[in-house]
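Heads up: the structure comes next, in structure tokens.
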Amino acid sequence: MTESEERLWTYEAVEVGQRGVPSVASITAPDIAEFARVSQNPDPYYAVEGAPAMPTMLMTYAPLFRDQIAANNGFTAFEVSQTKRRQTPFTKCECRWFEPVRAGDEITSERWVHEKYERRGSRFVVFRVSATNQRGLRVGEYDYTCIFDYGLGQRSDAKAPRPAAQETAQPTSPERLRAVGPGEALVPLTVTETQESMDAKDAFRLFGERTVGSNIHTDEEFARSNIFGTTVNSGPATMAYVDQMLQRSFHPETLMHGGRLLMRAITPFRAHDVVTLTGQIDSRQGQGVRCSVRGTNQAGGLVCIAEADLERVDGPRS
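Numbers in my numbering are just positions in the sequence shown, counted from 1, shifted up by 15.
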């Protein structure tokens with residue numbers, strides 16, 4: 016196949032309102048437990064009968080399917096192109112939750128192009144995915160932003176050698192949240208990413224065959240020539256770590272009833288990186304709490320920043 020025969024879904028071809036095909040996922044207790052496992056979350060809460068799904072499982076039972084949006088509109092996404100395969104990387108995502116999802120639920124999700132814009136010479140596309148359960152209740156939605164084209168000079172350091180680990184002074188961090196009030200430090204989380212952990216997260220899905228290699232970011236062969244110069248984890252994987260970190264201070268369901276999580280990727284989270292997530296409570300109004308989180312790698316580099324709005328917070332997680 017030649018490039019002229021393949022209608023690539025370029026930024027120019029992307030139109031606001033282009034839609035994908037709705038999908039339906041049946042949720043089981045083993046799915047909920049396995050998602051926690053592949054997200055490196057050892058919390059036994061998710062193995063208890065009747066436990067809800069981790070909030071960030073939203074992006075698994077209601078996947079983006081950007082290649083299917085392209086195909087449904089007569090185009091081929093760059094990630095599956097035979098002639099010009101490349102990444103359109105995650106830059107940020109905002110998830111919003113309205114109801115918990117539990118075993119036995121059937122989740123219908125719809126996806127479409129919500130927005131496109133240019134900033135400092137780079138071009139971005141925002142996808143919206145909305146999820147509804149069998150009772151017609153909206154359980155969650157998210158806005159997922161990808162960069163389709165980098166501006167001149169952007170990502171010039173993407174393939175730079177990874178800096179060596181540095182000895183840095185570590186802030187004193189609590190083993191549990193002491194009180195729910197502005198300025199209180201959240202319980203931190205340190206995560207080590209490996210090729211095996213990235214492959215396990217890549218292979219877990221509720222649609223199609225569970226195999227490694229569908230995610231272009233974790234494809235080791237493709238990584239030799241990609242913009243990052245190595246395999247990196249996905250944005251949703253890092254969001255699951257932020258989700259887990261918040262759960263060390265607050266009950267998981269504080270995100271599920273009107274909660275929100277916005278995360279921006281700053282630098283790639285590569286295999287063998289060790290990232291520590293730290294944060295604090297920024298404000299509180301009644302049972303509503305806003306927190307900020309930042310992820311820093313072993314060299315002191317900023318990997319991600321996030322903010323979260325939690326609801327129905329009646330105290331620290333016991």
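Ideal placement from N, C-alpha and C gives every residue a C-beta, glycine not left out.
Since this is a predicted model, take the numbers as computed values, not measurements.
Rank the options by C-alpha distance to the C-alpha of residue i and give the top, closest one.
| i | options | result |
| --- | --- | --- |
| A200 | M254, G294, G155 | G294 |
| H287 | T209, F105, C161, P59 | T209 |
| V144 | F163, A77, A85 | A77 |
| T291 | P203, V328, E27, R279 | P203 |
| T160 | Q149, G151, R138 | R138 |
| T282 | C306, L221, Q313 | Q313 |
| M72 | V257, D297, F284, A28 | V257 |
| R275 | S212, R150, E156, R100 | E156 |
| G166 | Y132, M213, N148 | Y132 |
| R150 | G250, F265, P115 | P115 |
| R22 | S41, N88, F50, I42 | N88 |
| D120 | V63, D82, I47 | I47 |
| D217 | S298, V247, G310 | V247 |
| P37 | V206, P45, N148 | N148 |
| V39 | G223, C319, F265 | G223 |
| V308 | R279, F284, R299 | R279 |
| H266 | P45, Y26, M213, P59 | P59 |
| L277 | I162, Y26, A323 | A323 |
| T43 | Y26, A66, E27, E30 | A66 |
| L79 | P251, P45, L270, Q102 | P251 |
What are the boundary residues of the beta strand (DSSP E) that includes residue i?
| i | result |
| --- | --- |
| F139 | 137-147 |
| S124 | 121-134 |
| A40 | 38-41 |
| V53 | Where V53 is concerned, there is no enclosing beta strand (DSSP E), although the alpha helix (DSSP H) it sits in stretches over 44-53. |
| T98 | Segment: none, T98 is in no beta strand (DSSP E) and carries neither H nor E. |
DSSP beta-bridge partners for residue i?
| i | result |
| --- | --- |
| M278 | C108, A321 |
| Q83 | Paired residue(s): none; Q83 is not in a bridge. |
| V257 | BP columns for V257 are empty, so no partner. |
| Y157 | C110, V144 |
| A200 | Q295 |
| V206 | V290 |
| R117 | P67 |
| T311 | T291, L317 |
| D164 | R138 |
| Q300 | G303 |
| T91 | L23 |
| R285 | V247 |
| R34 | W127 |
Using the Cβ count rule (16 or more neighbours within 10 Å means buried), how would you classify residue i?
| i | result |
| --- | --- |
| V289 | exposed |
| T187 | A caution first: T187 carries a pLDDT of 48, below 50, which makes its placement in the model unreliable, though a value can still be read off. Result: exposed. |
| I122 | buried |
| Y61 | buried |
| R135 | exposed |
| A255 | buried |
| S41 | exposed |
| L221 | buried |
| L317 | exposed |
| A194 | exposed |
| V152 | A small correction: the amino acid at residue 152 is Leu; Val does not occupy that position in the sequence shown. Looking at its Cβ environment, which holds fewer than 16 other Cβ atoms inside 10 Å, L152 is exposed. |
| G196 | exposed |
| G32 | exposed |
| E20 | exposed |
| G35 | buried |
| S124 | buried |
| A85 | buried |
| S333 | exposed |
| R191 | exposed |
| G310 | buried |
Nearer than 7 Å: is that true of the beta carbon of residue i relative to any heavy atom of the ligand GTP?
| i | result |
| --- | --- |
| Y132 | Summarising the ligand content, the structure contains no ligands, and the ligand GTP is consequently not present. |
How far does the alpha helix (DSSP H) with residue i in it reach, from first residue to last?
| i | result |
| --- | --- |
| Y26 | Element bounds for Y26: n/a, residue is neither H nor E. |
| L152 | No alpha helix (DSSP H) contains L152, which DSSP labels as neither H nor E. |
| M74 | 73-76 |
Touching by the beta-carbon criterion (3+ pairs, under 8 Å), the region 296-312 and the region 324-332: Result yes; three or more Cβ-Cβ pairs closer than 8 Å.
Validate contact between the region 97-114 and the region 48-57 using beta carbons, cut 8 Å, 3 pairs: A contact between stretches requires three or more CB pairs, one per stretch, nearer than 8 Å, and the region 97-114 fails this requirement with the region 48-57.
The region 125-136 contacting the region 104-114, beta-carbon criterion three pairs below 8 Å: Contact fails: fewer than three Cβ-Cβ distances are below 8 Å.
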